[in-house]
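Per the working numbering, the sequence shown starts with residue -5, numbered consecutively.
Built from N, CA and C at the ideal position, the CB exists for glycine as well.
This report concerns only the one structure given below.
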Amino acid sequence: MQPRLKMRLGDLLVHENIITSEQLNQALSAQRSTGRKLGDTLIELNFISEPQLLRFLAQQLNVPFLDISHRNITPEHAQLLPETYARRYRALVIEVDDKTVLLGMSDPTDLGGLDQLMPLFEPRTVELAIVQDNQIVEAFDSVYRRTRDIASFAEKLHEEYEDDVEFELSALDDNTSDATVVKLLHSIFEDAVQVRASDIHIEPDENILRIRQRVDGVLQENTLDQVKIASALVLRLKLMSGLDISEKRIPQDGRFNIKVKGHTIDVRLSTMPVSNGESVVMRLLDQSAGLLTLDQTGMPDAMVRKFRAAIHRPHGMILVTGPTGSGKTTTLYGALSELNKPDLKIITVEDPIEYRLPRINQVQTNAKIGLDFASILRTTLRQDPDVIMVGEMRDQETVEIGLRGALTGHLVLSTLHTNDAVTSAIRLIDMGAAPYLVATSLRGIVAQRLVRRICENCKTTSAPSVQEQTWVRFLMPELENATFYKGSGCNTCNHTGYKGRIGVFEMLEMNEDMMESLRESNTQGFVDATKANKDFTPLSHMALDYAAEGKTSLDEVFKVAEFVPEVINH
(Lines of atoms letter the chains of each structure in order from A and count residues from 1; the text may use other names and numbers.)
(Lines give C-alpha, C1' and ligand atoms only; values in the text may rest on other atoms or scores of the structure.)
Protein backbone atom coordinates (compact mmCIF):
# COMPACT_ATOMS: atom_id res chain seq x y z
CA MET A 1 0.00 0.00 0.00
CA GLN A 2 1.39 3.40 -0.96
CA PRO A 3 1.98 5.74 1.99
CA ARG A 4 0.26 9.11 1.96
CA LEU A 5 0.57 12.16 4.19
CA LYS A 6 -2.70 13.36 5.70
CA MET A 7 -1.45 16.97 5.63
CA ARG A 8 0.94 18.78 3.37
CA LEU A 9 4.60 18.39 4.39
CA GLY A 10 5.14 22.07 5.19
CA ASP A 11 2.03 22.30 7.36
CA LEU A 12 3.03 19.14 9.22
CA LEU A 13 6.50 20.51 9.98
CA VAL A 14 4.98 23.73 11.32
CA HIS A 15 2.41 21.80 13.32
CA GLU A 16 5.19 19.76 14.99
CA ASN A 17 7.21 22.96 15.69
CA ILE A 18 10.13 21.75 13.57
CA ILE A 19 10.02 24.91 11.43
CA THR A 20 8.20 28.21 11.88
CA SER A 21 5.45 29.63 9.68
CA GLU A 22 7.86 32.34 8.55
CA GLN A 23 10.41 29.74 7.48
CA LEU A 24 7.73 27.82 5.60
CA ASN A 25 6.62 30.97 3.74
CA GLN A 26 10.22 31.82 2.89
CA ALA A 27 10.81 28.25 1.62
CA LEU A 28 7.60 28.31 -0.46
CA SER A 29 8.67 31.62 -2.00
CA ALA A 30 12.10 30.19 -2.85
CA GLN A 31 10.46 27.03 -4.20
CA ARG A 32 8.35 29.02 -6.65
CA SER A 33 11.47 30.59 -8.16
CA THR A 34 13.59 27.42 -8.28
CA GLY A 35 10.96 24.74 -8.94
CA ARG A 36 12.65 22.38 -6.48
CA LYS A 37 10.83 20.19 -4.00
CA LEU A 38 9.88 21.81 -0.68
CA GLY A 39 12.00 19.37 1.34
CA ASP A 40 15.11 20.11 -0.75
CA THR A 41 14.44 23.84 -0.40
CA LEU A 42 14.13 23.62 3.40
CA ILE A 43 17.44 21.71 3.57
CA GLU A 44 19.16 24.18 1.26
CA LEU A 45 17.99 27.10 3.44
CA ASN A 46 19.34 25.29 6.54
CA PHE A 47 15.91 25.32 8.19
CA ILE A 48 16.16 21.54 8.67
CA SER A 49 18.81 18.86 8.09
CA GLU A 50 18.27 16.00 5.67
CA PRO A 51 18.39 13.25 8.36
CA GLN A 52 15.98 15.29 10.52
CA LEU A 53 13.53 15.66 7.63
CA LEU A 54 13.75 12.00 6.63
CA ARG A 55 13.26 10.76 10.20
CA PHE A 56 10.18 12.96 10.46
CA LEU A 57 8.82 11.60 7.17
CA ALA A 58 9.54 8.02 8.28
CA GLN A 59 7.58 8.60 11.48
CA GLN A 60 4.64 10.17 9.65
CA LEU A 61 4.51 7.45 6.99
CA ASN A 62 5.19 4.64 9.47
CA VAL A 63 8.12 3.31 7.45
CA PRO A 64 11.71 2.69 8.64
CA PHE A 65 14.52 5.22 8.18
CA LEU A 66 17.63 3.20 7.26
CA ASP A 67 21.35 3.90 7.25
CA ILE A 68 22.63 1.74 4.37
CA SER A 69 26.25 2.92 4.44
CA HIS A 70 27.37 -0.29 6.16
CA ARG A 71 24.91 -2.68 4.52
CA ASN A 72 26.17 -5.25 2.05
CA ILE A 73 23.72 -4.69 -0.81
CA THR A 74 23.81 -7.52 -3.33
CA PRO A 75 24.17 -6.23 -6.93
CA GLU A 76 21.96 -9.05 -8.23
CA HIS A 77 19.14 -7.89 -5.96
CA ALA A 78 19.67 -4.20 -6.68
CA GLN A 79 19.60 -4.83 -10.42
CA LEU A 80 16.02 -6.11 -10.19
CA LEU A 81 15.32 -2.39 -10.57
CA PRO A 82 16.75 -1.11 -13.91
CA GLU A 83 19.42 1.54 -13.42
CA THR A 84 17.51 4.19 -15.39
CA TYR A 85 14.54 3.89 -12.99
CA ALA A 86 16.81 3.76 -9.95
CA ARG A 87 18.62 6.98 -10.84
CA ARG A 88 15.47 8.79 -12.01
CA TYR A 89 13.46 8.09 -8.84
CA ARG A 90 16.39 7.82 -6.40
CA ALA A 91 15.36 4.29 -5.45
CA LEU A 92 17.42 1.25 -4.47
CA VAL A 93 16.49 -2.39 -3.83
CA ILE A 94 17.99 -3.16 -0.42
CA GLU A 95 16.72 -6.69 0.29
CA VAL A 96 14.73 -9.33 -1.59
CA ASP A 97 13.02 -12.57 -0.67
CA ASP A 98 10.46 -14.77 -2.43
CA LYS A 99 7.51 -12.55 -1.49
CA THR A 100 8.78 -9.04 -0.77
CA VAL A 101 11.17 -6.35 -1.93
CA LEU A 102 12.58 -3.79 0.51
CA LEU A 103 12.86 -0.60 -1.55
CA GLY A 104 14.77 2.40 -0.25
CA MET A 105 13.79 5.86 -1.52
CA SER A 106 14.95 9.35 -0.62
CA ASP A 107 11.42 10.68 -1.30
CA PRO A 108 8.67 8.09 -0.72
CA THR A 109 6.05 10.84 -1.13
CA ASP A 110 6.81 10.82 -4.87
CA LEU A 111 3.56 9.07 -5.76
CA GLY A 112 4.18 9.28 -9.50
CA GLY A 113 7.49 7.50 -9.03
CA LEU A 114 5.89 4.81 -6.87
CA ASP A 115 3.25 4.20 -9.52
CA GLN A 116 6.04 3.56 -12.03
CA LEU A 117 8.12 1.35 -9.73
CA MET A 118 5.55 -0.91 -8.07
CA PRO A 119 4.60 -2.95 -11.19
CA LEU A 120 8.28 -3.76 -11.86
CA PHE A 121 8.44 -6.07 -8.85
CA GLU A 122 5.16 -8.01 -9.29
CA PRO A 123 4.18 -10.54 -7.99
CA ARG A 124 6.35 -9.49 -5.01
CA THR A 125 4.97 -6.84 -2.67
CA VAL A 126 7.02 -3.72 -1.97
CA GLU A 127 7.97 -2.55 1.51
CA LEU A 128 9.29 0.99 1.63
CA ALA A 129 12.15 2.49 3.63
CA ILE A 130 13.54 6.02 3.66
CA VAL A 131 17.25 6.44 2.88
CA GLN A 132 19.40 9.55 2.59
CA ASP A 133 19.81 10.66 -1.02
CA ASN A 134 23.61 10.76 -0.91
CA GLN A 135 23.77 7.17 0.38
CA ILE A 136 21.54 5.97 -2.46
CA VAL A 137 23.62 7.80 -5.10
CA GLU A 138 26.89 6.46 -3.66
CA ALA A 139 25.50 2.91 -3.75
CA PHE A 140 24.60 3.20 -7.45
CA ASP A 141 28.23 3.09 -8.65
CA SER A 142 28.85 -0.01 -6.56
CA VAL A 143 25.74 -2.07 -7.40
CA TYR A 144 25.25 -0.96 -11.01
CA ARG A 145 28.67 -2.02 -12.25
CA ARG A 146 29.00 -2.90 -15.95
CA THR A 147 30.35 -6.39 -15.22
CA ARG A 148 27.09 -8.04 -16.28
CA ASP A 149 27.04 -6.08 -19.56
CA ILE A 150 30.70 -6.89 -20.16
CA ALA A 151 30.10 -10.61 -19.66
CA SER A 152 26.98 -10.52 -21.86
CA PHE A 153 28.70 -8.71 -24.76
CA ALA A 154 31.75 -10.96 -24.47
CA GLU A 155 29.55 -14.05 -24.79
CA LYS A 156 27.67 -12.56 -27.74
CA LEU A 157 30.93 -11.59 -29.47
CA HIS A 158 32.28 -15.09 -28.97
CA GLU A 159 29.16 -16.59 -30.54
CA GLU A 160 29.20 -14.22 -33.54
CA TYR A 161 32.67 -15.15 -34.75
CA GLU A 162 34.28 -18.55 -34.84
CA ASP A 163 37.93 -17.82 -35.59
CA ASP A 164 40.53 -15.06 -35.46
CA VAL A 165 40.21 -14.29 -39.18
CA GLU A 166 36.55 -13.35 -38.70
CA PHE A 167 37.53 -11.26 -35.68
CA GLU A 168 40.02 -9.33 -37.81
CA LEU A 169 37.54 -8.81 -40.64
CA SER A 170 35.03 -7.53 -38.10
CA ALA A 171 37.53 -5.08 -36.65
CA LEU A 172 38.44 -3.82 -40.13
CA ASP A 173 34.82 -3.15 -41.09
CA ASP A 174 34.26 0.61 -40.98
CA ASN A 175 30.50 0.15 -40.76
CA THR A 176 30.51 -1.67 -37.44
CA SER A 177 29.92 1.33 -35.20
CA ASP A 178 27.17 -0.62 -33.48
CA ALA A 179 29.06 -3.91 -33.51
CA THR A 180 29.25 -5.99 -30.37
CA VAL A 181 32.97 -5.36 -29.99
CA VAL A 182 32.30 -1.61 -29.80
CA LYS A 183 29.54 -2.11 -27.24
CA LEU A 184 31.85 -4.33 -25.21
CA LEU A 185 34.63 -1.74 -25.20
CA HIS A 186 32.19 1.01 -24.30
CA SER A 187 30.96 -1.05 -21.32
CA ILE A 188 34.56 -1.60 -20.20
CA PHE A 189 35.24 2.15 -20.33
CA GLU A 190 31.96 2.99 -18.60
CA ASP A 191 32.75 0.62 -15.76
CA ALA A 192 36.26 2.08 -15.40
CA VAL A 193 34.97 5.67 -15.27
CA GLN A 194 32.28 4.67 -12.78
CA VAL A 195 34.81 3.30 -10.28
CA ARG A 196 37.34 6.11 -10.96
CA ALA A 197 39.95 3.78 -12.46
CA SER A 198 43.23 5.32 -13.63
CA ASP A 199 44.23 2.37 -15.86
CA ILE A 200 42.65 -0.55 -17.72
CA HIS A 201 44.66 -3.74 -18.36
CA ILE A 202 43.51 -6.27 -20.98
CA GLU A 203 45.54 -9.46 -20.56
CA PRO A 204 44.93 -12.70 -22.49
CA ASP A 205 45.89 -15.85 -20.60
CA GLU A 206 45.83 -19.44 -21.84
CA ASN A 207 42.19 -20.11 -20.92
CA ILE A 208 40.76 -16.78 -19.71
CA LEU A 209 40.82 -13.09 -20.55
CA ARG A 210 41.67 -10.80 -17.64
CA ILE A 211 40.34 -7.23 -17.53
CA ARG A 212 41.89 -5.40 -14.61
CA GLN A 213 41.33 -1.82 -13.42
CA ARG A 214 43.62 0.20 -11.20
CA VAL A 215 41.46 1.95 -8.60
CA ASP A 216 43.18 4.12 -5.98
CA GLY A 217 46.49 2.56 -6.99
CA VAL A 218 45.35 -1.08 -6.56
CA LEU A 219 44.35 -3.47 -9.37
CA GLN A 220 40.87 -5.04 -9.32
CA GLU A 221 40.34 -8.10 -11.53
CA ASN A 222 37.46 -9.30 -13.69
CA THR A 223 37.84 -12.49 -15.74
CA LEU A 224 36.08 -13.64 -18.91
CA ASP A 225 36.03 -17.20 -20.26
CA GLN A 226 35.95 -15.99 -23.89
CA VAL A 227 39.72 -15.60 -24.30
CA LYS A 228 39.44 -15.65 -28.13
CA ILE A 229 37.74 -12.26 -28.19
CA ALA A 230 41.01 -10.62 -27.04
CA SER A 231 42.19 -10.25 -30.65
CA ALA A 232 38.99 -8.38 -31.58
CA LEU A 233 39.42 -5.98 -28.66
CA VAL A 234 43.08 -5.32 -29.47
CA LEU A 235 42.39 -4.75 -33.16
CA ARG A 236 39.57 -2.33 -32.46
CA LEU A 237 41.72 -0.40 -29.96
CA LYS A 238 44.59 -0.26 -32.48
CA LEU A 239 42.23 1.17 -35.08
CA MET A 240 41.01 3.79 -32.61
CA SER A 241 44.65 4.69 -31.80
CA GLY A 242 45.85 4.79 -35.43
CA LEU A 243 48.35 1.96 -34.87
CA ASP A 244 49.57 -0.69 -37.32
CA ILE A 245 47.03 -3.50 -37.00
CA SER A 246 49.17 -5.91 -39.03
CA GLU A 247 52.09 -5.68 -36.59
CA LYS A 248 51.78 -7.96 -33.58
CA ARG A 249 55.44 -8.72 -32.91
CA ILE A 250 56.58 -5.40 -31.43
CA PRO A 251 55.16 -3.04 -28.80
CA GLN A 252 53.21 -0.01 -30.01
CA ASP A 253 52.01 3.18 -28.33
CA GLY A 254 49.07 5.37 -29.30
CA ARG A 255 46.27 7.52 -27.95
CA PHE A 256 42.66 8.44 -28.65
CA ASN A 257 39.77 10.35 -27.06
CA ILE A 258 36.46 8.89 -25.97
CA LYS A 259 33.37 10.37 -24.33
CA VAL A 260 31.95 8.26 -21.49
CA LYS A 261 29.13 9.21 -19.10
CA GLY A 262 29.63 12.91 -19.75
CA HIS A 263 33.42 12.69 -19.28
CA THR A 264 35.93 13.39 -22.06
CA ILE A 265 38.65 10.78 -21.55
CA ASP A 266 42.10 10.96 -23.15
CA VAL A 267 43.29 7.36 -23.45
CA ARG A 268 47.01 6.55 -23.68
CA LEU A 269 47.41 3.04 -25.04
CA SER A 270 50.37 0.66 -24.95
CA THR A 271 50.45 -2.80 -26.54
CA MET A 272 52.99 -5.53 -25.85
CA PRO A 273 53.32 -9.03 -27.34
CA VAL A 274 52.94 -11.75 -24.70
CA SER A 275 52.83 -15.55 -24.84
CA ASN A 276 49.07 -15.69 -25.46
CA GLY A 277 48.61 -12.70 -27.78
CA GLU A 278 48.95 -9.01 -27.04
CA SER A 279 48.57 -7.29 -23.70
CA VAL A 280 47.05 -3.80 -23.68
CA VAL A 281 47.34 -1.17 -20.94
CA MET A 282 45.37 2.06 -21.17
CA ARG A 283 45.96 5.12 -18.95
CA LEU A 284 42.77 7.16 -18.57
CA LEU A 285 43.09 10.94 -18.26
CA ASP A 286 39.84 12.76 -17.54
CA GLN A 287 40.18 15.99 -19.53
CA SER A 288 36.79 17.26 -18.30
CA ALA A 289 37.95 17.14 -14.68
CA GLY A 290 40.28 20.11 -15.17
CA LEU A 291 43.75 20.71 -13.75
CA LEU A 292 44.41 21.00 -10.05
CA THR A 293 45.94 24.16 -8.65
CA LEU A 294 48.88 23.95 -6.25
CA ASP A 295 46.48 24.56 -3.37
CA GLN A 296 44.42 21.54 -4.47
CA THR A 297 47.31 19.04 -4.75
CA GLY A 298 47.20 18.19 -1.04
CA MET A 299 50.50 19.83 -0.13
CA PRO A 300 50.55 21.35 3.36
CA ASP A 301 50.09 25.13 3.28
CA ALA A 302 53.64 25.82 4.48
CA MET A 303 55.08 23.60 1.72
CA VAL A 304 52.86 25.23 -0.91
CA ARG A 305 54.28 28.62 0.09
CA LYS A 306 57.86 27.32 -0.22
CA PHE A 307 57.18 25.61 -3.55
CA ARG A 308 55.40 28.68 -4.88
CA ALA A 309 58.37 30.86 -3.92
CA ALA A 310 60.73 28.40 -5.63
CA ILE A 311 58.87 28.34 -8.96
CA HIS A 312 58.70 32.14 -9.05
CA ARG A 313 62.49 32.46 -8.94
CA PRO A 314 63.97 33.56 -12.29
CA HIS A 315 66.33 30.60 -12.69
CA GLY A 316 67.38 27.24 -11.26
CA MET A 317 66.18 23.65 -11.48
CA ILE A 318 63.30 22.23 -9.45
CA LEU A 319 62.63 18.48 -9.48
CA VAL A 320 59.45 16.58 -8.61
CA THR A 321 60.25 12.94 -7.86
CA GLY A 322 58.48 9.70 -7.08
CA PRO A 323 57.50 6.39 -8.72
CA THR A 324 55.09 6.07 -11.63
CA GLY A 325 51.56 7.06 -10.64
CA SER A 326 52.60 9.16 -7.64
CA GLY A 327 51.09 12.40 -8.98
CA LYS A 328 54.28 14.10 -10.22
CA THR A 329 52.64 15.32 -13.44
CA THR A 330 49.68 16.75 -11.51
CA THR A 331 52.05 18.80 -9.35
CA LEU A 332 54.05 20.04 -12.34
CA TYR A 333 50.94 21.04 -14.28
CA GLY A 334 49.70 22.86 -11.18
CA ALA A 335 52.97 24.83 -11.19
CA LEU A 336 52.70 25.53 -14.93
CA SER A 337 49.11 26.76 -14.55
CA GLU A 338 50.27 29.24 -11.93
CA LEU A 339 53.22 30.43 -14.04
CA ASN A 340 51.15 30.68 -17.23
CA LYS A 341 51.03 34.46 -17.65
CA PRO A 342 51.40 36.65 -20.77
CA ASP A 343 54.79 37.95 -19.64
CA LEU A 344 56.43 34.50 -19.48
CA LYS A 345 57.48 32.25 -22.37
CA ILE A 346 56.93 28.64 -21.30
CA ILE A 347 58.01 25.61 -23.34
CA THR A 348 57.43 21.98 -22.36
CA VAL A 349 59.07 18.82 -23.69
CA GLU A 350 56.82 15.85 -22.94
CA ASP A 351 56.27 12.18 -23.72
CA PRO A 352 53.34 12.21 -24.03
CA ILE A 353 51.57 15.57 -23.70
CA GLU A 354 48.97 14.77 -21.03
CA TYR A 355 47.02 18.04 -20.84
CA ARG A 356 46.81 20.79 -23.44
CA LEU A 357 47.48 24.22 -21.97
CA PRO A 358 46.79 27.56 -23.74
CA ARG A 359 49.71 29.93 -24.38
CA ILE A 360 52.28 27.24 -23.48
CA ASN A 361 54.40 25.76 -26.30
CA GLN A 362 54.16 22.01 -25.78
CA VAL A 363 56.42 19.66 -27.77
CA GLN A 364 55.84 15.91 -28.11
CA THR A 365 58.96 13.75 -28.39
CA ASN A 366 59.22 11.29 -31.29
CA ALA A 367 62.20 8.95 -31.07
CA LYS A 368 61.50 7.46 -34.53
CA ILE A 369 62.58 10.69 -36.22
CA GLY A 370 65.29 11.61 -33.71
CA LEU A 371 63.10 14.06 -31.80
CA ASP A 372 64.23 13.03 -28.32
CA PHE A 373 64.39 15.02 -25.08
CA ALA A 374 67.98 16.16 -25.59
CA SER A 375 67.56 17.39 -29.19
CA ILE A 376 64.32 19.24 -28.39
CA LEU A 377 65.88 20.74 -25.26
CA ARG A 378 68.82 22.14 -27.26
CA THR A 379 66.39 23.84 -29.65
CA THR A 380 64.21 25.01 -26.77
CA LEU A 381 67.10 27.02 -25.30
CA ARG A 382 67.28 28.96 -28.60
CA GLN A 383 63.56 29.83 -28.40
CA ASP A 384 64.06 32.55 -25.75
CA PRO A 385 62.12 30.76 -22.98
CA ASP A 386 61.67 31.92 -19.40
CA VAL A 387 60.43 28.56 -18.12
CA ILE A 388 61.20 25.08 -19.46
CA MET A 389 59.42 21.93 -18.33
CA VAL A 390 61.12 18.63 -19.20
CA GLY A 391 58.84 15.62 -18.81
CA GLU A 392 61.58 13.43 -17.34
CA MET A 393 65.34 13.50 -16.77
CA ARG A 394 66.10 10.24 -18.57
CA ASP A 395 69.80 10.33 -19.48
CA GLN A 396 73.07 12.20 -18.94
CA GLU A 397 72.67 14.45 -21.98
CA THR A 398 69.18 15.61 -20.98
CA VAL A 399 70.30 16.19 -17.39
CA GLU A 400 73.33 18.28 -18.39
CA ILE A 401 71.40 20.41 -20.91
CA GLY A 402 68.69 21.00 -18.31
CA LEU A 403 71.23 21.96 -15.63
CA ARG A 404 73.07 24.32 -18.00
CA GLY A 405 69.75 25.88 -18.96
CA ALA A 406 69.05 26.50 -15.26
CA LEU A 407 72.54 27.94 -14.88
CA THR A 408 72.08 30.39 -17.78
CA GLY A 409 68.96 32.16 -16.51
CA HIS A 410 66.06 29.78 -17.09
CA LEU A 411 63.68 28.14 -14.65
CA VAL A 412 63.73 24.40 -15.39
CA LEU A 413 61.07 22.06 -14.01
CA SER A 414 61.36 18.30 -14.40
CA THR A 415 60.69 14.88 -12.89
CA LEU A 416 62.92 12.05 -11.79
CA HIS A 417 62.07 8.46 -10.85
CA THR A 418 63.65 8.24 -7.40
CA ASN A 419 62.32 7.18 -4.03
CA ASP A 420 62.85 10.40 -2.10
CA ALA A 421 64.21 13.94 -2.27
CA VAL A 422 67.57 13.12 -0.68
CA THR A 423 68.61 10.52 -3.24
CA SER A 424 67.44 12.66 -6.20
CA ALA A 425 70.37 15.07 -6.11
CA ILE A 426 72.80 12.14 -5.77
CA ARG A 427 71.07 10.38 -8.67
CA LEU A 428 71.81 13.32 -11.01
CA ILE A 429 75.53 12.92 -10.28
CA ASP A 430 75.27 9.12 -10.72
CA MET A 431 73.72 9.77 -14.16
CA GLY A 432 76.92 11.56 -15.18
CA ALA A 433 76.16 15.21 -14.46
CA ALA A 434 79.11 17.28 -13.24
CA PRO A 435 78.85 17.73 -9.44
CA TYR A 436 79.48 21.48 -9.67
CA LEU A 437 76.57 21.81 -12.14
CA VAL A 438 74.19 20.00 -9.80
CA ALA A 439 75.32 22.05 -6.79
CA THR A 440 75.03 25.36 -8.66
CA SER A 441 71.76 24.76 -10.55
CA LEU A 442 69.55 22.62 -8.29
CA ARG A 443 67.30 24.76 -6.09
CA GLY A 444 64.71 22.40 -4.65
CA ILE A 445 63.28 18.88 -4.79
CA VAL A 446 59.74 17.74 -4.03
CA ALA A 447 59.20 14.00 -3.47
CA GLN A 448 55.68 12.65 -3.31
CA ARG A 449 53.49 9.57 -2.99
CA LEU A 450 49.79 8.87 -3.08
CA VAL A 451 48.33 6.88 -0.20
CA ARG A 452 44.76 5.61 -0.01
CA ARG A 453 42.34 7.62 2.08
CA ILE A 454 40.24 5.74 4.67
CA CYS A 455 36.56 5.64 3.74
CA GLU A 456 34.72 8.04 6.05
CA ASN A 457 31.57 5.89 6.03
CA CYS A 458 33.18 2.83 7.58
CA LYS A 459 36.14 4.30 9.47
CA THR A 460 36.84 2.60 12.78
CA THR A 461 39.69 2.57 15.28
CA SER A 462 42.42 0.00 14.75
CA ALA A 463 44.89 -1.18 17.39
CA PRO A 464 48.40 -1.41 15.85
CA SER A 465 50.22 -4.74 15.98
CA VAL A 466 53.42 -5.13 17.99
CA GLN A 467 55.47 -4.73 14.82
CA GLU A 468 53.53 -1.59 13.84
CA GLN A 469 54.02 -0.13 17.30
CA THR A 470 57.75 -0.74 16.95
CA TRP A 471 57.78 1.04 13.58
CA VAL A 472 55.85 4.02 14.94
CA ARG A 473 58.13 4.28 17.97
CA PHE A 474 61.17 4.07 15.69
CA LEU A 475 59.95 6.71 13.22
CA MET A 476 58.03 9.15 15.45
CA PRO A 477 58.15 8.33 19.18
CA GLU A 478 55.72 11.17 19.94
CA LEU A 479 52.95 9.23 18.15
CA GLU A 480 53.51 5.96 20.03
CA ASN A 481 50.24 6.33 21.95
CA ALA A 482 48.20 7.87 19.11
CA THR A 483 44.88 6.39 17.98
CA PHE A 484 44.97 4.89 14.49
CA TYR A 485 42.15 3.93 12.13
CA LYS A 486 41.14 1.66 9.26
CA GLY A 487 38.11 1.15 7.02
CA SER A 488 35.97 -1.91 7.74
CA GLY A 489 34.49 -1.93 4.19
CA CYS A 490 31.08 -0.76 3.00
CA ASN A 491 29.06 -0.03 -0.15
CA THR A 492 30.53 3.46 -0.45
CA CYS A 493 34.10 2.15 -0.86
CA ASN A 494 33.18 -1.08 -2.66
CA HIS A 495 34.15 -2.93 0.54
CA THR A 496 37.84 -1.99 0.27
CA GLY A 497 37.94 0.28 3.33
CA TYR A 498 39.40 3.08 1.21
CA LYS A 499 37.95 5.76 -1.02
CA GLY A 500 40.17 8.17 -2.93
CA ARG A 501 43.81 9.02 -2.33
CA ILE A 502 45.75 11.77 -0.62
CA GLY A 503 49.20 13.11 -1.41
CA VAL A 504 52.18 12.71 0.91
CA PHE A 505 55.04 15.14 0.26
CA GLU A 506 58.51 16.18 1.35
CA MET A 507 60.37 19.26 0.08
CA LEU A 508 64.12 19.69 0.25
CA GLU A 509 65.49 23.20 -0.28
CA MET A 510 69.20 23.40 -0.97
CA ASN A 511 71.44 25.22 1.51
CA GLU A 512 75.18 25.97 1.55
CA ASP A 513 76.16 22.79 3.41
CA MET A 514 74.24 20.61 0.94
CA MET A 515 75.65 22.42 -2.09
CA GLU A 516 79.21 22.14 -0.76
CA SER A 517 78.78 18.38 -0.24
CA LEU A 518 77.46 17.99 -3.80
CA ARG A 519 80.39 19.94 -5.26
CA GLU A 520 82.73 17.50 -3.55
CA SER A 521 80.58 14.45 -4.49
CA ASN A 522 80.38 13.75 -0.77
CA THR A 523 77.27 11.59 -0.60
CA GLN A 524 77.35 10.96 3.15
CA GLY A 525 78.03 14.64 3.81
CA PHE A 526 74.96 15.55 1.73
CA VAL A 527 72.76 13.07 3.66
CA ASP A 528 74.09 14.40 7.00
CA ALA A 529 73.45 18.00 5.92
CA THR A 530 69.89 17.04 4.98
CA LYS A 531 69.23 15.44 8.36
CA ALA A 532 70.61 18.51 10.09
CA ASN A 533 68.06 20.69 8.25
CA LYS A 534 65.26 21.29 10.78
CA ASP A 535 62.89 22.52 8.04
CA PHE A 536 62.96 19.14 6.26
CA THR A 537 60.18 16.66 7.13
CA PRO A 538 60.49 13.17 5.58
CA LEU A 539 57.66 11.52 3.65
CA SER A 540 57.11 8.89 6.33
CA HIS A 541 56.62 11.53 9.03
CA MET A 542 53.91 13.30 7.04
CA ALA A 543 52.24 9.95 6.29
CA LEU A 544 52.27 9.02 10.00
CA ASP A 545 50.73 12.38 10.87
CA TYR A 546 47.93 11.60 8.39
CA ALA A 547 47.45 8.18 10.03
CA ALA A 548 47.19 9.78 13.49
CA GLU A 549 44.63 12.24 12.06
CA GLY A 550 42.54 9.35 10.70
CA LYS A 551 43.12 10.18 7.05
CA THR A 552 44.98 6.98 6.13
CA SER A 553 45.94 3.65 7.70
CA LEU A 554 49.23 2.37 9.06
CA ASP A 555 49.32 -0.18 6.21
CA GLU A 556 49.48 2.71 3.74
CA VAL A 557 52.08 4.54 5.82
CA PHE A 558 54.48 1.63 5.77
CA LYS A 559 54.24 1.42 1.99
CA VAL A 560 55.77 4.90 2.01
CA ALA A 561 58.16 4.30 4.91
CA GLU A 562 59.78 1.23 3.40
CA PHE A 563 60.99 3.35 0.49
CA VAL A 564 62.81 5.85 2.72
CA PRO A 565 65.21 3.82 4.88
CA GLU A 566 67.35 6.84 5.70
CA VAL A 567 64.63 8.27 7.95
CA ILE A 568 65.18 5.32 10.30
CA ASN A 569 68.44 6.96 11.35
CA HIS A 570 66.64 10.06 12.64
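In the three-state DSSP reduction, T455 falls in the strand class (E or B). For the segment 349 to 427, the continuous alpha helix (DSSP H) assignments of 4+ residues that do not extend past its boundaries occur at 367 to 374, 390 to 401 and 415 to 424, in sequence order.
According to the DSSP assignment, F147 belongs to the alpha helix (DSSP H) that extends over T141 to E154. Between the segment 40 to 48 and the segment 72 to 86 there are fewer than three inter-stretch CB-CB distances shorter than 8 Å, so the stretches are not counted as touching. Ranked by how close their Cα comes to the Cα of T141, the residues V212, V393, I182 and L502 have I182 in first place.
No Cβ-Cβ contact shorter than 8 Å links N451 with T477. Under the three-state reduction of DSSP output, V57 falls in the coil class, being neither helix nor strand.
I363 has its alpha-carbon roughly 38 Å from the corresponding atom of E503. Ranked by Cα distance from V261, the options I423, A542, H180 and D424 are led by H180. Residue burial annotation: K253 is exposed, with fewer than 16 other C-beta atoms found within 10 angstroms of its C-beta. Straight-line measurement puts the Cα of L548 at about 8 Å from the Cα of E462.
The DSSP-derived three-state label of N475 is coil. For A123, the uninterrupted beta strand (DSSP E) run begins and ends at T119 to V125, by DSSP.
If you compare the alpha carbons of E215, Y349 and G211 with that of I205, the shortest gap goes to E215. Per DSSP, the unbroken alpha helix (DSSP H) holding N19 starts and ends at S15 to T28. When DSSP states are grouped into helix, strand and coil, S100 belongs to the coil group. Secondary-structure assignment with DSSP links D280 through a beta bridge to I259. If you ignore the 5 residues before and after Y540, its C-beta comes within less than 8 Å of the C-beta of V445, I496, V498, T546 and V551, all in its own chain and listed in chain order. Under DSSP, E450 takes part in no beta bridge, so it has no partner. Non-local beta-carbon contacts of G328 in its own chain, meaning distances under 6 Å to residues more than five positions away in sequence, involve L286, T287, L288 and T291 in chain order. For M293, there is no enclosing alpha helix (DSSP H), as DSSP marks it with neither H nor E. I144 has its alpha-carbon roughly 12 Å from the corresponding atom of L203. Distances from the CA of P346 to each of L96, G248, Q54 and Q207 were compared; the closest alpha carbon is that of G248. For M536, the uninterrupted alpha helix (DSSP H) segment begins and ends at L533 to A542.
For L231, the enclosing alpha helix (DSSP H) starts and ends at A224 to S235. In this structure, DSSP gives V189 a state outside helix and strand, which the three-state scheme calls coil. Close CB contacts of D210 within its chain, under the 7 Å cut and outside five residues either way in sequence, are with R446, Y492, G494 and R495 (chain order). With fewer than 16 other beta carbons inside 10 angstroms of its own, F468 counts as exposed. According to the DSSP secondary-structure assignment, I312 is paired through a beta bridge with L407 and G438. Membership of Q207 in the beta strand (DSSP E) is indicated by the continuous run L203 to V209. Within 10 angstroms of the beta-carbon of G399 lie 16 or more other beta-carbons, which makes it buried.
If you compare the alpha carbons of P294, V187, V57 and D199 with that of K222, the shortest gap goes to D199.
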